[in-house]
Amino acid sequence: MTARRPASRTDPDRAPWRASCVALEGALDAAGADLESRLTAWAGRWNGVLSHHHAPGILAWAVTGSADDDGAARESFRSEFDPALAGLHGVAQTAFVTGPAAAPGPKAFAFDVDSTLIEEEVIELLAARAGSLEEVASVTAAAMRGELDFAASLTRRVATLRGLETSALGEVAAQVTPTTGAVAFIRRAVSGGHAVGAVSGGFEEVLAPHSAEWGLTAHLANALETEDGRLTGRVTGEIVTAETKRRFLLSLGDETTRARIAVGDGANDLEMVRAADVGVALCAKPVLAEAADVRLDVRHLGALEAIVCMDA
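Numbering (the numbering used here), first residue to last: 54 to 365.
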């Protein structure tokens with residue numbers, strides 16, 4: 054192998070890269086038991102710096118370096134570690150990012166909400182109370198696969214909520230479950246000088262209380278129209294679409310922001326994932342997984358701390 058000078062994450066003449074392996078804690082079998090030692094050896098060969106990231110429920114390692122040609126490092130990393138983890142699909146996988154997201158500096162993270170930042174689909178929780186769950190779930194699935202126009206599908210689904218008491222909004226907000234690692238990631242990122250926002254095709258009335266509780270720096274969602282204490286079956290204002298999400302991502306942060314990262318799961322997240330410096334597909338539908346820079350099937354948002362350099 055040709056000798057390489059030591060990597061420098063701040064060398065302006067060399068491209069920064071970050072190679073990472075993430076796994077659910079306790080899920081590694083014999084094939085992955087020596088993962089850290091193998092990563093250490095690989096880092097040494099590529100003049101990279103190995104770091105270990107640990108949060109409850111997840112194990113993650115990252116090798117950070119820089120190179121004249123990061124493609125060679127990517128190919129070497131994938132060829133060595135992807136086969137080793139192939140039998141652990143869903144509980145262990147690799148990621149490789151380049152550019153500003155792999156280097157120190159302030160970053161902005163934009164998260165989709167339903168089935169990304171939280172485990173549930175809020176429209177379905179509301180529909181269960183309105184007696185329209187089966188219809189709404191079917192339309193939601195088709196919209197997330199990209200088979201239906203999102204705005205039209207949302208209008209159709211919200212119409213089924215007509216007459217539902219507004220008290221159901223508070224009940225559903227209390228029922229929402231953050232994705233594992235989500236709240237801890239938001240708080241660590243914001244305290245470290247990064248911007249973290251949530252943009253949702255769901256509803257302001259459910260997202261807003263959690264935005265304040267979790268410490269998000271920005272959020273945007275649809276608003277439900279009400280009358281006499283009940284939902285009218287309509288939204289007010291402009292519907293949050295894929296284009297809205299793209300604009301939201303680009304508005305996050307300020308002039309010091311070095312990189313923008315978008316995380317989503319469905320077709321309505323396509324535009325912001327494509328516009329991001331790093332687009333992450335989290336346990337996503339095929340249409341988004343194919344477009345993303347990183348496909349993350351380990352459902353733990355603590356993995357982002359290994360995939361993206363969090364040094365501000």
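Every residue, glycine too, gets a C-beta built ideally from N, C-alpha and C.
Treat the numbers as computed from the prediction; the structure is a model and nothing was measured.
| task | Taking A237 as the reference, give the member of V225, T208, R287 and G268 with the closest Cα. | result | G268
| Residues near S264 in its chain [Cβ-Cβ closer than 7 angstroms; skip 5 each side] | A251 and H272
| query | Among V259, S206 and G199, which has the Cα closest to the Cα of E369? | reply | Nothing about residue 369 can be reported from this structure: the residues present for the chain run from 54 to 365 only.
| message | Within 10 Å of its beta-carbon, does E200 have 16 or more other beta-carbons around it, so buried, or fewer, so exposed? | response | exposed
| Reference F256, options L284, K160 and A334, closest by Cα | L284
| task | Look at the Cβ atom of A333, then the Cβ atom of L323, and state whether they are nearer than 8 angstroms. | result | Residue identity differs from the one stated: residue 333 is Val in this sequence, not Ala. Contact flag unset, no.
| Per DSSP, I111 forms a beta bridge with which residues? | L77 and A108
| field | Span of the beta strand (DSSP E), counted from its first residue to its last, around I314 | value | A312 to G317
| So is G246 buried or exposed if we call it buried at 16+ other beta carbons inside 10 Å? | exposed
| request: Measure the CB-CB distance between P109 and T310 and report whether it falls below 8 angstroms. | output: no
| field | Per DSSP, cross-strand counterpart(s) of P407 | value | This structure does not reach residue 407, given that the chain is present from 54 up to 365, and the question cannot be answered.
| field | Given D123 as reference, the closest of G101, A365 and A139 once Cα atoms are compared | value | G101
| As assigned by DSSP and simplified to three states, the class of L284 | strand
| For K160, the three-state DSSP class (helix, strand or coil) | strand
| Could you give the distance in angstroms between the alpha-carbon of V211 and the alpha-carbon of D281? | 17 angstroms
| said: Using 8 angstroms as the cut-off, can you tell me whether the stretch 171-183 makes contact with the stretch 134-149, which would need three or more C-beta pairs spanning the two stretches below that distance? | reply: no
| query | So the alpha helix (DSSP H) A329 belongs to, where does it begin and stop? | reply | From DSSP, A329 is part of no alpha helix (DSSP H); its letter is neither H nor E.
| If you draw a straight line from the alpha carbon of L217 to that of I176, how long is it in whole angstroms? | 12 angstroms
| task | Could you spell out the range, first to last residue, of the beta strand (DSSP E) harbouring L179? | result | Segment V175 to A183 is the alpha helix (DSSP H) holding L179; no beta strand (DSSP E) there.
| R91 lies in the alpha helix (DSSP H); which residues open and close that run? | L88 to R98
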